[in-house]
Amino acid sequence: MALPLLTLPRMFATLGISVATVQKDSLDQSQLSALFWLTNVLSVIAAGVTVLLGWGLTGVYGASQLLSVCAALAGTTILAGMSFTHQSVLERKLLLGRLAAIRIAGQLIGLVAAIIAAVILDWGIWALVLQQYVEWAIVVLGCWFTAGWKPTRPERAKIGSLVKFGGYYSTSSIVFYAGQNADKVVLSVLLGATKQGRELIGMYSKLYEVMMKPVQLVTNPTTQVMLPGLSRLTATKDIKTLQELAQSFYRFVGVLLIPAAVGLYAVAPDFVEVLGGEDWTEGASILLALAPVVAVHGLININGSLLAAIGRADQLMKAAIVIALLQVQGALAGFYLGKQFLDPATGTVEGVAVGYSMVLIMVVFAPYMIFSLSMCGMRLKPLLVDLMHPLAAAMLMGLNVLFLRGFLLGRGWSTPVVLLLSVLMGVVCYAALAWPKVKRDVIGLLKGTAPS
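Numbering (the numbering used here), first residue to last: 811 to 1262.
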């Protein structure tokens, strides 16, 4: 419950300025230092907002420990703020491997500290608070020692355009976050008053996380490379190379996430049974509705890095507002149509899942892609043509997985074993069918040799 109260203020206060630091073609010492001190001031404000939100919601939820947890976690925002400018410096230098190593080290050491605190010291929820402090302390130390830059004392510097850009980007991030959680908010408001409703919301939220996991695994590292790479090309005004590199990023995401969407759809009933047991059997229809979104969600997500790289965070913010409004409408329409036409017990949740998918796939995807690509002179059609082969290969893979799944279940094999074999078979099948695309668009990009 405390994590959104921590994430949202931190995101609004610091994310945009960090992105602006990466996107700007040239920054002098005074500008970087000014951004560093501004980020730290905003981090302190964000920490205060987290405490106030915790205080305000303590009475609403009746969770007496919420305020103390929020107050403790608020300090991690201040600690994190000390690293954001240095992380941006590493990204500007394209030292992404070094930055990834620091982040992973922080996560691992933080996890070990949390396990010790929970298991040996019996700290309970405070073990998770300790994890956050240890993780960010490692990140701060690692970034300060490796970035090769240190701030000077605060002084006046021309950073107005950077702050404006950062404001647009932060606002768009908050709006996108709100839009992506509109379905959960609708369900919480309309179903949260009953125990059964809360159970359905919990199941839906967990299955939504399952759907988003492959999207995050692919797009998070992609955008970390995409933003600084395209930003440097924007600075040199090498539009042709920028378009070719951007196209290769979109192909990379599509080639990986199209089969993930088809595969998740094919194994959804088995996955839900393994994840939640017999109590979650009705959740299969929810995951079936959400699975197709995997592919389009990934392509939609990286539009933000493209627009930020070419300096159009203002257009990104406008698009975020429109998309969020559409997602709210989709969630509400899905809820009431599901309540009327689907299973009385779970129809509302299933309807929200269908509404979420239909809005992104049928309403948002094509217009937003056309809009974003046109900002740098690109077109959607060549990208879709490039992705036809992976789509056909993924569909054939899905048919093979469904056949294998039916064959094994018909002979009494256990669901976990069937799920494992289905996933392995799907990976091998898709790799064989789409190997030319995998070699060019995935392996080629990872090696830095992906052609246009």
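Note that the Cβ used here is the ideal one computed from N, Cα and C, for glycine as well. Model, not experiment: these values are computed from the prediction.
Quiz prompt | Buried versus exposed call for Met1188 [16 or more other C-beta atoms within 10 Å across all chains shown] | solution = Looking at its Cβ environment, which holds 16 or more other Cβ atoms inside 10 Å, Met1188 is buried.
Practice problem: Please work out which residues of its chain come closer than 8 angstroms, Cβ to Cβ, to Ile1011, disregarding the five sequence neighbours upstream and downstream, and give them in chain order. | Solution: Take Ile1011, set aside five residues on each side of it, and the residues of its chain with a beta-carbon closer than 8 angstroms to its own are Lys994, Leu997, Ser998, Leu1001, Gly1002, Val1159, in chain order.
Quiz item: Nearest-angstrom Cα distance between Val879 and Trp936?
Solution: If you take the alpha carbons of Val879 and Trp936, they lie about 8 angstroms apart.
Quiz item: Can you round the beta-carbon distance between Ala856 and Arg820 to whole angstroms, since I take them to be within the 8 angstroms contact cut?
Solution: A Cβ-Cβ separation of about 5 angstroms places Ala856 in contact with Arg820 under the 8 angstroms criterion.
Self-check item: Chain-order list of residues whose beta-carbon lies under 7 angstroms from that of Leu1183 (same chain, five-residue window excluded)
Solution: Once the five neighbours on either side are set aside, the close Cβ partners of Leu1183 are Arg1189, Leu1190.
Practice problem: Please list the segments of the alpha helix (DSSP H) lying wholly inside the region 1098-1130, counting only runs of 4 or more residues, in order along the chain. | Solution: Counting only runs of 4+ residues, the alpha helix (DSSP H) found wholly inside the region 1098-1130 occupies 1103-1111, 1113-1119, in chain order.
Quiz prompt | Same chain, Cβ closer than 6 angstroms to Tyr1018, neighbours up to 5 away in sequence not counted | solution = Residues of the same chain with their beta carbon placed closer than 6 angstroms to that of Tyr1018 are lacking, with the five preceding and five following residues left out of the count.
Exercise. Could you name the residues of the same chain whose beta carbon sits closer than 8 angstroms to that of Leu1109, not counting the 5 residues immediately before and after it, in chain order?
Key: Once the five neighbours on either side are set aside, the close Cβ partners of Leu1109 are Tyr1060, Val1063, Gly1064, Leu1067, Phe1175, Met1179.
Practice problem: Report the three-state DSSP secondary structure of Gly958 (helix, strand or coil). | Solution: Gly958: coil per DSSP, three-state reduction.
Practice problem: Tell me whether Lys1247 sits in a helix, a strand or coil according to DSSP, three-state version. | Solution: Annotated three-state conformation of Lys1247 is helix, per DSSP.
Quiz item: So does the region 936-954 actually touch the region 1080-1090, counting three or more Cβ pairs closer than 8 angstroms?
Solution: Cβ pair count under 8 angstroms is below three, so no.
Practice problem: Could you check which residue in Ala890, Ala988, Leu818 has the C-alpha nearest to that of Trp946? | Solution: Closest by alpha carbon: Ala890.
Exercise. Ignore the nearest five residues each way along the sequence and tell me which others in Gln942's own chain have a CB closer than 8 angstroms to its CB.
Key: Cβ within range, chain order: Leu883, Thr886, Gly920.
Quiz item: DSSP state of Asp993, grouped into three classes?
Solution: Asp993: helix per DSSP, three-state reduction.
Exercise. Taking only the alpha-carbon atoms, compute the straight-line gap between Lys903 and Asp835 and give it to the nearest angstrom.
Key: Near 11 angstroms, if we compare the C-alpha coordinates of Asp835 and Lys903.
Quiz item: Less than 7 angstroms separating the beta-carbons of Thr895 and Phe975?
Solution: No, the Cβ-Cβ distance between Thr895 and Phe975 is not below 7 angstroms.
Exercise. Inspect the CB distances between the region 1165-1175 and the region 1100-1108 and report whether three or more fall short of 8 angstroms.
Key: Yes, they touch.
Quiz item: Enumerated in chain order, which unbroken segments of the alpha helix (DSSP H) with a length of 4 residues or greater are wholly contained in the region 992-1074?
Solution: When DSSP assignments are scanned along the region 992-1074, the uninterrupted stretches of alpha helix (DSSP H) that are 4 or more residues long and fall wholly within it turn out to be 992-1001, 1005-1046.
Self-check item: Host alpha helix (DSSP H) of Gly1087 (start-end)
Solution: Gly1087: not part of any alpha helix (DSSP H); DSSP gives it neither H nor E.
Quiz item: Beta carbon of Ala1123, beta carbon of Tyr978: below 7 angstroms?
Solution: A contact, by the Cβ cut-off of 7 angstroms.
Exercise. Could you tell me how far apart the beta carbons of Cys1186 and Ala1056 are, in whole angstroms, since I believe they sit closer than 8 angstroms?
Key: Indeed, because the Cβ distance is near 7 angstroms, the residues count as touching under 8 angstroms.
Quiz item: Can you give the beta carbon distance from Leu1229 to Phe1081, rounded, assuming they're within the 8 angstroms contact cut?
Solution: That pair is a contact at about 6 angstroms.
Quiz prompt | Reference Ile1171, options Ala830, Ile1133, Met1198, closest by Cα | solution = The candidate whose alpha carbon is nearest that of Ile1171 is Ile1133.
Quiz item: What do you reckon, are the CB atoms on Ser1115 and Thr1033 nearer than 7 angstroms?
Solution: Yes, these two residues count as a Cβ contact at 7 angstroms.
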